[in-house]
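Residue numbers (full-length UniProt numbering): 1 to 421. Note that the Cβ used here is the ideal one computed from N, Cα and C, for glycine as well.
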DNA sequence: TCTGGGGTCCTAGGACCC
DNA sequence: TCTGGGGTCCTAGGACCC
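In structure tokens, the structure reads:
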């Protein structure tokens, strides 16, 4: 048996935690650059604000004082997420952290618990009491059904936040009244095709012939169908797999029209990506970058391009990655466009303690390089932006806008001035 | 005027091997 | 006239997730 625990309107709930006067108020949290809505309190949903709409489309509510708005504060959400996960780990033996706001629980070792619904309520109470974040709990025989149970727990208030689909008859009833688009793994494209063949509800999908559907769609959809029938196809993974790709990309605060700030941005993203790489204890042997104009603009010249450089020998050295990224930029940058976004991607990742070196090229992981990076990271862990490379830019006025950022309630950096003192 | 960031998995097709 | 069978590896692109 699995449970899925999912925090309600997670980012919005985090913000409200420190602003109790906003309880029962419409609250939204915006994406980076204050671009789109990425989290909505129930009251904001009631205003008709849809997920992922551009902020300018709902700005009116804000200006009329009907809507409280926050820029995303990932340091805060990450910190509260860790507290939620730790609390779950104290309650059940197996926890798979699935995203910042949800976790699958393995309940097989919980045979002594008389009633799983009771366990669900215990989880809700504990997390609410200890952390103050509301959660919902879905329980079922497969992950896909647990997701669906969780959806029901949030959707139907009479469940009080807990749905156990293993109860006789519950699964059939829920599948019948749930739109197929709510099923985990069934996205927009697939929904369109399914409707064309008269599959509208989760029950319709569960009834479809799995073999035929694999041929017509994919093995992924076949697995979803089996999971809806209670046959587990997706395993439980307590230890997250090591990352296969690391990406750092940002939309600029305003469009960039010349090379110099683009170079600063690429350097900055390369350094950030290299930092993440070292955090993961991995090396990269492939550096890619991409740049693009606004794909949504109707009356603008569009340009998007990317480039990749495979390294002969793997590295985690910010300097090497930065230099390569910059050279790649020279190759694809074209004058005359209004650039909106750029990114640096590291691929072909290998563990740092067991990597494939090159027979004919010098090993880039020299003691000197490793030591320097270690020192760089140690300084920057204690002092925010304590050490950076000259070319990253000091002012960075292309960096994202966060006009509605909340304070660092639970995290703190020592500022650079401490170093100077 | 104004639209995020960071990932995973699967498939088809090309190039290549014996 | 007529040209096999069985594989692997890599990449780009699509679909999906939160």
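Asked: Go ahead and pull the three-state DSSP assignment for residue 411.; Found: coil
Asked: How many Å lie between residue 195 and residue 24 at the Cα?; Found: 37 Å
Asked: So within the segment 28–55, which uninterrupted alpha helix (DSSP H) runs reach at least 4 residues, ignoring any that extend past its ends?; Found: 42–46
Asked: Output the boundary residues of the beta strand (DSSP E) element that contains residue 254.; Found: 246–256
Asked: Which one or two residues does DSSP pair with residue 68 in a beta bridge?; Found: 27
Asked: Return the bridge partner residues of residue 125 from the DSSP annotation.; Found: The partner list for residue 125 (beta bridge, DSSP) is empty, contrary to what the question assumes.
Asked: Pick helix, strand or coil for residue 422, following the three-state DSSP scheme.; Found: With the chain covering only 1 through 421, there is no way to say anything about residue 422.
Asked: Within 10 angstroms of its Cβ, does residue 418 collect 16 or more other Cβ (buried), or is it exposed?; Found: Low confidence applies here, because residue 418 scores a pLDDT of 41, under 50, leaving its location unreliable and the question unanswered by this model.
Asked: Once DSSP output is grouped into helix, strand and coil, what is the label at residue 213?; Found: helix
Asked: Please confirm whether residue 495 and residue 138 have their CB atoms less than 8 Å apart.; Found: A query on residue 495 cannot be resolved here, the shown segment of the chain reaching from 1 to 421 and no further.
Asked: What three-state label does DSSP hand residue 142 in the structure shown?; Found: coil
Asked: Note down, in chain order, each residue of its chain lying with its Cβ closer than 6 Å to the Cβ of residue 347, except the 5 sequence neighbours on either side.; Found: 245 and 286
Asked: CA-CA distance, residue 35 and residue 400?; Found: 10 Å
Asked: How many whole angstroms separate the CB atoms of residue 278 and residue 213, which I take to be in contact at a CB cut-off of 8 Å?; Found: Residue 278 to residue 213, Cβ: 43 Å. No contact.
Asked: Going by alpha carbons, who is nearest to residue 305 out of 312, 75, 313 and 295?; Found: 295
Asked: In this structure, how does DSSP classify residue 283 when only helix, strand and coil are distinguished?; Found: strand
Asked: So what's residue 164 in DSSP terms, helix, strand or just coil?; Found: strand
Asked: Just to check my reading of the structure: residue 109 and residue 89 have Cβ atoms closer than 8 Å, yes? What is that Cβ distance to the nearest angstrom?; Found: The Cβ separation is near 13 Å, so there is no contact.
Asked: Using a Cβ-Cβ cut-off of 8 Å (strictly less than) and excluding sequence neighbours within five positions of residue 166, which residues of its own chain qualify?; Found: 1, 116, 139, 140 and 141
Asked: Measure the Cβ-Cβ separation of residue 293 and residue 327 and say whether it is below 8 Å.; Found: no
Asked: Using only alpha-carbon positions, find the residue among 315, 319, 335 and 273 that is nearest to residue 303.; Found: 335
Asked: Go ahead and pull the three-state DSSP assignment for residue 317.; Found: coil
Asked: Can you give me the C-alpha to C-alpha distance between residue 31 and residue 410, rounded to a whole angstrom?; Found: 20 Å
Asked: Hey, could you find the ends of the beta strand (DSSP E) residue 99 is sitting in?; Found: 94–99
Asked: Could you give the first and the last residue of the continuous alpha helix (DSSP H) run that contains residue 300?; Found: Note, residue 300: premise wrong, no alpha helix (DSSP H); not H, not E.
Asked: Can you look up residue 270 in the DSSP assignment and give me helix, strand or coil?; Found: helix
Asked: Exposed or buried, which one is residue 235 when buried takes at least 16 other CB atoms within 10 Å?; Found: exposed
Asked: For residue 335, name the three-state secondary structure that DSSP assigns.; Found: coil
Asked: Am I right that residue 344 and residue 270 are in contact with their C-beta atoms under 8 Å? What's the rounded C-beta distance?; Found: 5 Å
Asked: Going along the chain, which residues of its own chain have a beta-carbon closer than 6 Å to the beta-carbon of residue 17, five neighbours each way excluded?; Found: 132
Asked: Around the Cβ of residue 130, are there at least 16 other Cβ atoms within 10 angstroms (buried) or fewer (exposed)?; Found: exposed
Asked: Taking the CB atoms as reference points, tell me whether residue 225 and residue 203 lie closer together than 8 Å.; Found: no
Asked: In terms of alpha-carbon separation, which member of 300, 70 and 105 lies closest to residue 55?; Found: 70
Asked: For residue 505, report the span of its alpha helix (DSSP H) as first-last.; Found: There is simply no residue 505 to check, as the chain begins at 1 and stops at 421 in what is shown.
Asked: In this structure, how does DSSP classify residue 239 when only helix, strand and coil are distinguished?; Found: coil
Asked: Is it the case that the Cβ atoms of residue 66 and residue 27 are separated by a distance below 8 Å?; Found: no
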